[in-house]
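Just so we're aligned, residue 380 is where the sequence shown starts under the numbering used here, counting upward by one.
Please read the structure below before turning to the comments.
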Amino acid sequence: MLLELEVPTKICGNIYGQYTDLLRHFESSGFPPKSNYLFLGNYIDRGRQSLETICLLLAYKIKYPNNIFLLRGNHECSSINRIYGFYDECKRRYNIKLWKLFNQCFNCLPVAAIIAGKIFCCQGGPSPELHSLEQIRQIQRPIEVPDTGLLCDLLWSDPDNDVKGWSESNTGISLRYGADIVNEFLNRYNMDLICRAHKVLENGYEFFADRRLVTIFSAPDYRGGFDNTAALMSVDENLKCSFMVSYFSFYR
380 MLLELEVPTK ICGNIYGQYT DLLRHFESSG FPPKSNYLFL GNYIDRGRQS
430 LETICLLLAY KIKYPNNIFL LRGNHECSSI NRIYGFYDEC KRRYNIKLWK
480 LFNQCFNCLP VAAIIAGKIF CCQGGPSPEL HSLEQIRQIQ RPIEVPDTGL
530 LCDLLWSDPD NDVKGWSESN TGISLRYGAD IVNEFLNRYN MDLICRAHKV
580 LENGYEFFAD RRLVTIFSAP DYRGGFDNTA ALMSVDENLK CSFMVSYFSF
630 YR
């Protein structure tokens, strides 16, 4: 459940079924295997082409297994994607059996990655129940996402400037964490950066905790109404991070 990856690589945040925008990202940054990719999850729901999006990514994973890596997001969970569009898309275009098969696949996806031993990547963030990285490695697959606990937090927790330590989330799921938690986590594991997704951003990326955490959002003009840009983060051989920001506006 915990990947250990090398550089160079490009990190992509939430896509949310915006298939055409995914293609534009590949056109701008290089199709696999020319470029290596780590996706942070949330491939489906809300957008109009979740099936094309997840099928393309899984096909690339099969064809180039060492060049593209897919993490689980909080929407790769049957209780969530039953509500936010993926179930309806599968039912309308194919059948419910297909939706169930995809969720069986989602139950086996890894939930976190470490890049070059220095960048921790996941959909949400740390957990107060995480005391050793070995806990993530030992999560057994397949697994449904529980309502609380380590796996839930890795997919759902959020940073908050108004919080010190841990606090209940406004969503009612998982927790919010402060900059002190980020610093404690990185210092404990001798890492430099947390890279996560899980938030719509106007400018595609956003720093937190004195640039020790970055949130990436990769679905431009989200749902055709947010007028936001999208970003990918590129990590080179020297662990230098740069951002590719774009506005495609192909949702409509």
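We put the CB at the ideal spot given by N, CA and C, even for glycine.
Remember, predicted model here, so these are calculated numbers, not experimental data.
- Annotation for F405: the continuous alpha helix (DSSP H) segment containing it runs Y398 to S408.
- About 23 Å separates the beta carbons of P599 and D467, which is beyond the 8 Å limit, so they are not a contact pair.
- Listed in chain order, the beta strand (DSSP E) elements of length 3 or more contained wholly in the stretch 532-605 are 545-547, 554-556, 572-575, 584-587 and 592-595.
- Excluding its 5 nearest sequence neighbours in each direction, I394 has C-beta neighbours in its own chain below 8 Å: D400, L401, F418, N421, Y422, G426, T432, S597 and A598, listed in chain order.
- Only residues of its own chain outside the window of five on either side were considered, and among them R520 and P521 have a CB closer than 6 Å to the CB of C487, listed in chain order.
- Shortest Cα-Cα distance from K442 to any of P412, R516, S613 and A495 involves P412.
- Around the beta-carbon of I462, fewer than 16 other beta-carbon atoms lie within 10 Å, marking it exposed.
- DSSP, reduced to helix, strand and coil, places C456 outside both helices and strands of the structure shown, so it counts as coil.
- Taking C-beta separations shorter than 6 Å and ignoring five residues to either side along the sequence, the partners of D532 in its chain run S506 and S553, following chain order.
- The beta carbon of N607 is closer than 6 Å to those of E581 and Y601 in its chain, skipping five residues each way along the sequence.
- Within the stretch 411-475, the complete alpha helix (DSSP H) segments at least 4 residues long are 429-442, 457-460 and 465-472, listed from N- to C-terminus.
- Within the same chain, I494 and A495 come within 8 Å of E385 by CB-CB distance, once the 5 residues on both sides are set aside.
- In the DSSP assignment, I493 is bridged to E383 and F499.
- With a cut-off of 8 Å on Cβ pairs, the stretch 574-591 is in contact with the stretch 607-624, counting three or more such pairs.
- Setting aside the 5 residues that flank it on each side, I447 is surrounded in the same chain by P411, Y416, Y439 and K440, each with a C-beta closer than 6 Å to its C-beta; the list follows chain order.
- Beyond the five residues adjoining it in sequence on each side, N482 comes within less than 6 Å, by CB distance, of S457 in the same chain, given in chain order.
- Contact between S536 and G504 holds, with the beta-carbon distance rounding to 4 Å and staying under 8 Å.
- Taking a 10 Å sphere around the C-beta of S429, we find 16 or more other C-beta atoms and assign the residue as buried.
- With distances taken between CA atoms, A492 lies nearest to R575 out of G603, R575 and H454.
- A residue is called buried when at least 16 other Cβ atoms come within 10 angstroms of its Cβ; I560 meets this threshold and is buried.
- For I459, the closest alpha carbon among the candidates W545, C501, F485 and F405 is that of F485.
- In this structure, the straight-line span from the alpha carbon of H404 to that of N562 is close to 31 Å.
- Counting of Cβ neighbours within 10 angstroms places Y473 among the exposed residues, the total staying below 16.
- Beyond the five residues adjoining it in sequence on each side, L477 comes within less than 7 Å, by CB distance, of C469 in the same chain, given in chain order.
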